[in-house]
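Accompanying notes for the structure given below.
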Amino acid sequence: MNMLLIGMDLTIETDNNGVRKKYKSKVADLYEKKVCIYYPLGAVDSKPAFLPVDTKVMVEFARDSASFFSFESKVIGVQKSSVPLVELALPEEGLFNKVQRREYVRVNAAVSVALDFPSSDLKFTSVTSDISAGGCAVVLPLEVKIQPAEVGTIEFSIQMGSGEQLQLAFLCEVMRTFPKNELTLASLKYVDPPRADQQLLTRFCFERQLSDRKKGLYP
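Letter 101 of the sequence shown, counting from 1, is numbered 100 in numbering that gives the first Met the number 0, and no numbers are missing.
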């Protein structure tokens, strides 16, 4: 089974002397030793990336909602046609790395959230479908269209078991969108979350998991 598929969403990361930038793209064509991608756009500003030949990049993609992979590559060419494409070296699939994204307890919870994505001028409120201290899934309103690798902020309104009401805000990145029970969800990863706020989310998730177990919702 091929790991990469034509049309698959990709996150491209560059590191220029310690300055890291992320871009979003899609697989346009596949060959034995290279992958052609549509010209990457900045994750924050959606501006086309200038990636000269020999630029080293880290490529990340999702096979499904729980399986993320990455591989190191470099730009080996540019196809200047009606639809410009960037050619990346494609390593053997044995050199792909599985990215762990399940380090935290994840619970089903409808938590009110407010989201802001400046690059696409999107602001909306919604609820989570599930939540952890590392990321969450958010229900997308029908009119909202959002792309993987977009970066913005998410603000939670959380009630702890003690009754305390918390407002927590994190920088976040869209990993993917996917359908579930006739809804469209966006999978979000927090970017460099403050440790103290992340610990509060961890406590909230453990409290919710304990409550659900008492109700017989978890084994």
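All C-beta atoms, glycine included, are put in the ideal place defined by N, C-alpha and C.
On a predicted model such as this, the values are computed, not experimentally measured, just so you know.
Residue i classed as buried or exposed, judged by whether at least 16 other C-beta atoms fall within 10 angstroms
{"i": "THR127", "result": "buried"}
{"i": "SER195", "result": "The question names Ser, but residue 195 is Ala in the sequence shown. With fewer than 16 other Cβ atoms within 10 Å, it is exposed."}
{"i": "LYS274", "result": "Because residue 274 is not part of the residues shown, which for the chain are 0 to 218, the question remains open."}
{"i": "SER72", "result": "buried"}
{"i": "GLU149", "result": "buried"}
{"i": "GLY133", "result": "buried"}
{"i": "ARG175", "result": "buried"}
{"i": "ASN189", "result": "Asn is not the amino acid found at residue 189; the sequence shown has Tyr there. TYR189 comes out buried."}
{"i": "LYS21", "result": "buried"}
{"i": "PRO51", "result": "exposed"}
{"i": "TYR217", "result": "Note that TYR217 has pLDDT 47, beneath the 50 cutoff, so the model's placement of it is unreliable and the number below is only indicative. By the 10 Å Cβ count, TYR217 comes out exposed."}
{"i": "THR10", "result": "buried"}
{"i": "PHE49", "result": "exposed"}
Where residue i sits in the DSSP three-state scheme
{"i": "ARG212", "result": "helix"}
{"i": "PHE205", "result": "helix"}
{"i": "TYR217", "result": "Per-residue confidence for TYR217 stands at a pLDDT of 47, beneath the threshold of 50, marking its modelled position as unreliable; the derived number appears in the next sentence. Here TYR217 sits in coil by DSSP."}
{"i": "GLU59", "result": "strand"}
{"i": "GLU71", "result": "strand"}
Backbone CA spacing between residue i and residue j [nearest angstrom]
{"i": "PHE60", "j": "GLU12", "result": "12 angstroms"}
{"i": "LEU184", "j": "ALA109", "result": "13 angstroms"}
{"i": "PHE116", "j": "LEU84", "result": "26 angstroms"}
{"i": "PHE205", "j": "VAL104", "result": "7 angstroms"}
{"i": "LYS214", "j": "PHE68", "result": "36 angstroms"}
{"i": "MET0", "j": "SER161", "result": "Confidence is the limiting factor: at MET0 the pLDDT is only 49, short of 50, which leaves the residue's position unreliable, though a coordinate-based value still follows. Taking the straight line joining both Cα atoms gives about 49 angstroms."}
{"i": "TYR30", "j": "GLN166", "result": "48 angstroms"}
{"i": "LEU40", "j": "LEU200", "result": "32 angstroms"}
{"i": "ASP191", "j": "LEU170", "result": "7 angstroms"}
{"i": "LYS144", "j": "GLU172", "result": "15 angstroms"}
{"i": "PRO33", "j": "VAL138", "result": "Pro is not the amino acid found at residue 33; the sequence shown has Lys there. Distance between the alpha carbons of LYS33 and VAL138: 36 angstroms."}
{"i": "MET2", "j": "GLU91", "result": "10 angstroms"}
{"i": "GLY93", "j": "ASN107", "result": "34 angstroms"}
{"i": "PHE123", "j": "ASP211", "result": "29 angstroms"}
{"i": "VAL74", "j": "TYR38", "result": "12 angstroms"}
{"i": "PRO178", "j": "LEU141", "result": "12 angstroms"}
Start-to-end residues for the beta strand (DSSP E) that takes in residue i
{"i": "ASN1", "result": "Where ASN1 is concerned, there is no enclosing beta strand (DSSP E), given that its DSSP letter is neither H nor E."}
{"i": "ARG19", "result": "18-29"}
{"i": "ALA113", "result": "111-116"}
{"i": "LEU50", "result": "Premise fails: LEU50 is in no beta strand (DSSP E) and is neither H nor E."}
{"i": "TYR37", "result": "33-37"}
{"i": "GLU12", "result": "8-15"}
{"i": "ALA228", "result": "In the structure as shown, the chain starts at 0 and stops at 218, and residue 228 therefore has no counterpart that could be examined."}
Can you check the stretch 123-202 for any alpha helix (DSSP H) of at least 4 residues that lies completely inside it and give the ranges in chain order? none
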